[in-house]
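Going by my numbering, 64 is the number at position 75 of the sequence shown; the sequence numbering is gapless.
Glycine included, C-beta positions come from ideal geometry on N, C-alpha and C.
Small disclaimer: the values here were computed from a predicted structure and weren't measured.
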Amino acid sequence: MSSKPILQLNSCLVRAYNEGDVESLAKAANNPRIARWMSNSFPQPYTVQDAKKWISIANTPSPVRDFAICRLDGSAVIGGIGLKARDDINYRTMEIGYWICEDYWHQGIATEVVTAFSNWAFDNFKQLLRLEAVVFEGNPASGHVLIKSGFQFESRQRAAVEKLGRVMDTLTYTKFATGNGRILTKKHAEPRCREIGTIPRMAFVKLM
């Protein structure tokens, strides 16, 4: 697997994982303060064996959709970012997920990466119209990253997940493709209706 960066940014680079990332990935990801905001597929503790398994999984799809966030010299993993594809009638939507090693929090890295990577996704997956990010309630920092990266808050899902014994809401943020592929914005998403006839306690409507 080539480790040529897909993104060379001011604060970091983004590239495919390789076998040399095992130690730095395990070190960066082994933190309950990261895992608490992730699905249970993100192990805690995060061991070397977990890192090996993830690198194999990440590099299996073609094209690759999960990448390492690394220091500028490419020598160490400091986070991860990726896309989860949908199928059937949802094939034009992907979910974006990311995490950053705690040593690199509050440095603007997440915002730079999410902004650039989401734009990269639209450029490289031509069917993609909509990116979704799902954030657990109580994690406003991630929501702020998404807003600064061009996403907008879309909806709250009540009591949607249980993590560490706590039932929580989730918040969905979205970003859309631009240009000819742009879909309806929230402002215009609702179909217009016109009342065409009534009977007591009931109205018939016609979609325009």
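{"query": "Quick check on Lys164: buried or exposed, where buried means 16 or more other Cβ atoms within 10 Å of its Cβ?", "result": "buried"}
{"query": "Could you pull out every unbroken beta strand (DSSP E) segment of at least 3 residues lying fully inside the region 74 to 107, listed in chain order?", "result": "82 to 89"}
{"query": "Do Thr82 and Glu121 have their CB atoms nearer than 8 Å?", "result": "yes"}
{"query": "Who pairs with Gln146 in a beta bridge, going by DSSP?", "result": "Thr159"}
{"query": "Where does Glu8 fall in DSSP's three states?", "result": "helix"}
{"query": "DSSP puts Ile58 in a beta bridge; with which residues?", "result": "Val3, Gly68"}
{"query": "Using only alpha-carbon positions, find the residue among Val11, Leu153, Lys16 that is nearest to Ala47.", "result": "Val11"}
{"query": "Within 10 Å of its beta-carbon, does Ser131 have 16 or more other beta-carbons around it, so buried, or fewer, so exposed?", "result": "buried"}
{"query": "Grouping DSSP H, G and I as helix and E and B as strand, with all else coil, what is Gln116?", "result": "coil"}
{"query": "Find out if the Cβ-Cβ distance for the pair Ala99, Tyr80 is shorter than 8 Å.", "result": "no"}
{"query": "Among Ile23, Ala18, Pro(-6), Ser(-8), which has the Cα closest to the Cα of Asp39?", "result": "Ala18"}
{"query": "Beta carbon of Arg4, beta carbon of Lys152: below 8 Å?", "result": "no"}
{"query": "Quick check on DSSP: helix, strand or coil for Gln141?", "result": "strand"}
{"query": "By the DSSP assignment, the alpha helix (DSSP H) with Lys42 in it spans what residues?", "result": "37 to 47"}
{"query": "Near Val124, what residues of its chain come up, given a Cβ to Cβ distance below 6 Å and the 5 sequence neighbours on each side ignored?", "result": "Ser131, Gly132, Leu160"}
{"query": "Ordered along the chain, which non-local residues of its own chain (more than five positions away) have a Cβ less than 8 Å from that of Glu91?", "result": "Asn20, Arg22, Ile23"}
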